[in-house]
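Down below is the structure, laid out as C-alpha cells.
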Amino acid sequence: MEKHITLPLTEELADTLHAGDTVYLTGTIYTSRDAGHKRMCDTLAKGEALPFDPMDATIYYVGPTPAKPGQVIGSAGPTTSGRMDAYAPTMMSVGARGMIGKGARLPEVVEAMKKYHGVYFGAIGGAGALLAKCIKKCELIAYEDLGAEALRKLYVEEMPLVVIIDSRGNNLYDEGKAAYLASQK
Amino acid sequence: MMREIQAQQITDVVERLCIEANEQLPGDIKNAIRRCRACEDWEIAQGVLDKIITNFEIAEEERVPICQDTGMACVFLEIGQDVHIVGGDLREAVDEGVRRGYDKGYLRKSVVADPVRRGNTGDNTPAMLYTEIVPGEQIKVTVGPKGFGSENMSAIRMFKPSAGIEGIKDFILETVETAGPNPCPPMVVGVGIGGTFDKCALLAKKALMRNTEERNPDPYYAALEEEMLEKINKLGIGPQGFGGKTTALALNIETLPTHIAGMPCAVNINCHVTRHKTEVI
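Quick note, the sequences are listed as chains A and B, same order.
Residue 115 is where the first sequence starts when you use the working numbering, and the numbers rise one by one after that.
Residue 2 is where the second sequence starts when you use the working numbering, and the numbers rise one by one after that.
And the structure:
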C-alpha cells in the first residue's frame, strides 16, 4: 500500500504502518551512525539530555558526502542498520521510534520495536543522489568533530521509503522473499 | 630504453579517476541494471530498480556521487617494466591523487587510521594500493572505490580439495544468502579460486574490476559463472532484499594455480554501485 505520512511518528501513526508499505515521508528527521549513537547512548547512561528531543523522533542512519556549493546536502543514502543494533533499543526506550536504514536487524531490536511501537523503514541503499533530492533543509546540531557522522537535523519532503519491519514485528525481508518464491512455484 | 613518467602524472590521473568513478557508473553495470529491470516481474522489485536507474542518471548528469559511501580507494597499477617513475615517491603520488580527488570531488572521507582505535584520517588516504610489473612502457591505472556495506559481507574459505566444485558452489550461494539485504542488492559477485590465502582474496577483488559482459576465457569457468548467476537469482532476495528475481547483476570468477593440499575460495561482494575507472599513462 502507498502512504504519504507526516512526522512526528506518534505511537498511533506508527501502528497504522505495515511491513511492505511504500511510504513517502515528510517532516523533520535526525541523522546518526555508529559513532553518534555511541555518544548518545553514553549521554543517556550518564542521565544527561540528548542534543534533540527524542520523543516520537525518527533517526536516519546516514553519513552524507560533503555538500557541493549550492547543494543542501551531498549524496545521502542509508548505511547498514545492523551496526546500530546495539544502540537502537536504548534509543527507542526514550521515544525515538522511527529508524531509516537498510539491511537486517537483530531479534532484540524487533522485540524493542514491538514494545515501543517502533518502525524500521528502508531507504534504497546506493541511491544517495536520488535521496538527497528530498532533503530540503540540513542543519548540523551536534558532534561536529565526527564529520560525516555528525548529528544533523534534516527536513525531508516525500522521502521514498518502504516499511521493512512494522511495530508488530512483521518483516518484509522474510515475507517479500517468501511471497516471491511462492509466486514462482 | 626506459620511458620516464613523472610521479605528478600519476597523481593527476588518480585524482581524476577517483572523482569520475564515483560519479559515473561503468557502461556494463548500467546495461545490466536496465536488462534486469526489463526481465523483473515482481512489482516492488521493479520500483526499486527504477529508482536505482534514476539515481545513477542523476549522479552522472549533475556530477554528484552515486552513493554516499564513496569507499576506500582501491588503486591498481600495472607498471610496465620499461617505465622509470621520476620526480617523486610512487606511494605518495597515489595517496596525493586520492587526497585531491576526495577533496575536489566532495567525496566522503571514510578511512580510519587504526582498525581498532579508529580516528578518521580526514582525507581518505591511504589508498589500498596494488602494483604489478608487466611488460611494456606504460602504466595502467585503475581506481575502484569500494564501499563497506558490501565489503563486510564478503568471505573466504580454505577448502580441502575433496570438497570439489560442489563445495565451491555451496559456499558462493551461502555467502550471498547470508549477505541478504545488507550489501545493497542487486549485487555483483567477485569470486577468486586458487592461489594462496592472500592471492585468493585479491583474485576476488580483481574479478569485481572485470567487465561483467565478458566471461572467463576458460569455458569451464565461463559456464560456472553463468550457472552461479542463475542460481543466485533463484534465491528470491531481490533488489534491496524486498523479494524478486534480481539478486545479482553479474558474477565474475578469476582463478590461479594452487597447492596440491588446498582449494581456497574467496567471495567478494559488491553492490549495484560497482565502480571502477581505468586510464593508461
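Ideal Cβ placement from N, Cα and C applies to all residues, glycine included.
Review point. Which residues in the same chain as B/Asn271 place their Cβ atom closer than 7 Å to its Cβ, once the five residues preceding and following it in sequence are excluded?
Key: Within the same chain, B/Asn271 has close Cβ partners Ser151, Met188, Val189, Gly191, Leu209.
Check your understanding: When the Cβ atoms of the stretch 107-121 of chain B are set against those of the stretch 45-59 of chain B, are three or more pairs found closer than 8 Å?
Key -> no
**Study point:** Distance CB(A/Leu275)-CB(A/Leu139) smaller than 8 Å
**Key:** yes
Review point. Between A/Lys152 and the ligand NAD, is the CB less than 7 Å from at least one heavy atom?
Key: Among the components modelled here there is no ligand, and therefore nothing to report on the ligand NAD.
Point to revise | Straight-line gap, A/Cys155 to A/Ala262 (C-alpha atoms, nearest Å) | key: 19 Å
Practice item. Identify the contact partners of B/Phe243 in chain A, using a Cβ-Cβ distance below 7 Å as the criterion. Key: Val276, Leu286, Gly290
Review point. Which whole-angstrom value describes the C-beta separation of B/Gln139 and B/Gly81, a residue pair presumed to lie in contact below a C-beta threshold of 8 Å?
Key: Confirmed, Cβ separation roughly 5 Å.
Check your understanding: Should the stretch 213-232 of chain A be called in touch with the stretch 67-83 of chain B, which here means at least 3 C-beta pairs below 8 Å?
Key -> No: fewer than three Cβ pairs fall under 8 Å.
Practice item. Ignoring anything shorter than 3 residues or poking outside the stretch 239-264 of chain A, list the beta strand (DSSP E) runs there in chain order. Key: Whole beta strand (DSSP E) segments, 3+ residues: 249-256.
Review point. In chain order, what residues of the stretch 249-262 of chain A put their CB closer than 9 Å to some CB of chain B?
Key: Leu260, Gly261, Ala262
Point to revise | Contact set between the stretch 43-56 of chain B and chain A, restricted to residues whose Cβ is under 9 Å from the partner | key: Trp43, Ile45, Ala46, Gly48, Val49, Lys52, Ile53, Thr55, Asn56
**Study point:** Exposure label - B/Gly165; buried when at least 16 CB within 10 Å
**Key:** exposed
Check your understanding: For the stretch 216-245 of chain B, which residues have a CB atom closer than 9 Å to at least one CB atom of chain A, in sequence order?
Key -> Of all residues in the stretch 216-245 of chain B, the ones placed with a Cβ closer than 9 Å to any Cβ belonging to chain A are Lys235, Leu236, Gly237, Ile238, Gly239, Pro240, Gln241, Gly242, Phe243, Gly244, Gly245, in chain order.
Practice item. Consider the Cβ of B/Leu18: report whether some Cβ of chain A lies at a distance smaller than 8 Å. Key: The beta carbon of B/Leu18 sits no closer than 8 Å to any beta carbon of chain A.
Review point. Do B/Cys201 and B/Ala267 have their C-beta atoms closer together than 8 Å?
Key: Contact: yes.
Review point. Which of helix, strand or coil does DSSP assign to B/Arg4?
Key: strand
Exercise for review: Determine which residues of the stretch 25-44 of chain B have a Cβ less than 7 Å from any Cβ of chain A, and write them out in chain order.
Suggested key: Those residues of the stretch 25-44 of chain B that come within reach of chain A (Cβ to Cβ, closer than 7 Å) are Trp43.
Exercise for review: Return yes when the Cβ of A/Ala256 is within less than 8 Å of the Cβ of A/Leu245, no when it is not.
Suggested key: no
Check your understanding: Does the Cβ-Cβ distance between A/Gly176 and A/Pro165 come in under 8 Å?
Key -> In the sequence as presented, Gly is not what sits at residue 176 of chain A; that position holds Val. No, the pair does not count as a contact, with Cβ atoms beyond the cut-off.
Point to revise | Beta-carbon proximity list for A/Ala264, same chain, < 6 Å, skipping 5 on both sides | key: Excluding its 5 nearest sequence neighbours in each direction, A/Ala264 has C-beta neighbours in its own chain below 6 Å: Leu254, Tyr257, Glu258, listed in chain order.
Practice item. Alpha carbon to alpha carbon, how far is B/Gly89 from B/Asn217? Give it in angstroms, no decimals. Key: 38 Å
**Study point:** Of the residues A/Glu125, A/Gly134, A/Val186, A/Arg147, the one placed nearest A/Cys252, counting alpha carbons only
**Key:** When each option's Cα is compared against that of A/Cys252, the closest is A/Val186.
Point to revise | Under 8 Å from the C-beta of B/Val274: neighbouring residues of chain A | key: Residues of chain A passing the Cβ test: Gly240.
Review point. For B/Ile254, which residues of its own chain have a beta-carbon under 7 Å away from its beta-carbon, when the five flanking residues on both sides are left out?
Key: Val192, Ile194, Ala208, Asn217, Tyr222, Leu225, Glu226
**Study point:** Distance between B/Thr279 and B/Thr259 (C-alpha atoms, nearest Å)
**Key:** 29 Å
Practice item. Report yes or no: do the stretch 171-182 of chain B and the stretch 213-225 of chain A share at least 3 C-beta pairs separated by less than 8 Å? Key: yes
**Study point:** Rounded distance between the beta-carbons of A/Ile143 and A/Val223, thought under 8 Å
**Key:** Contact flag wrong, Cβ pair sits at about 18 Å.
Practice item. Enumerate, from N- to C-terminal direction, the unbroken beta strand (DSSP E) stretches of 3 or more residues contained entirely within the stretch 115-177 of chain B. Key: Those beta strand (DSSP E) runs which fall completely within the stretch 115-177 of chain B and span 3+ residues are 129-135, 140-147, 156-160.
Point to revise | Cβ shell of B/Asp70 (< 6 Å), same chain only, five flanking positions each side left out | key: Gly148
**Study point:** As assigned by DSSP and simplified to three states, the class of B/Glu255
**Key:** strand
**Study point:** C-alpha distance - A/Ser146 paired with B/Thr132, whole-angstrom precision
**Key:** A direct Cα-Cα distance of roughly 37 Å separates A/Ser146 from B/Thr132.
Check your understanding: Taking only beta-carbon atoms, is B/Val177 less than 8 Å away from chain A?
Key -> no
Check your understanding: Near B/Gly72, which residues of its chain fall below 6 Å by C-beta distance, leaving aside the five closest residues on each side in sequence?
Key -> Pro146, Lys147, Gly148
Point to revise | Short-range partners of chain A found in the stretch 109-124 of chain B, where Cβ spacing is below 9 Å | key: Arg109, Lys110, Ser111, Arg119, Asn121, Gly123
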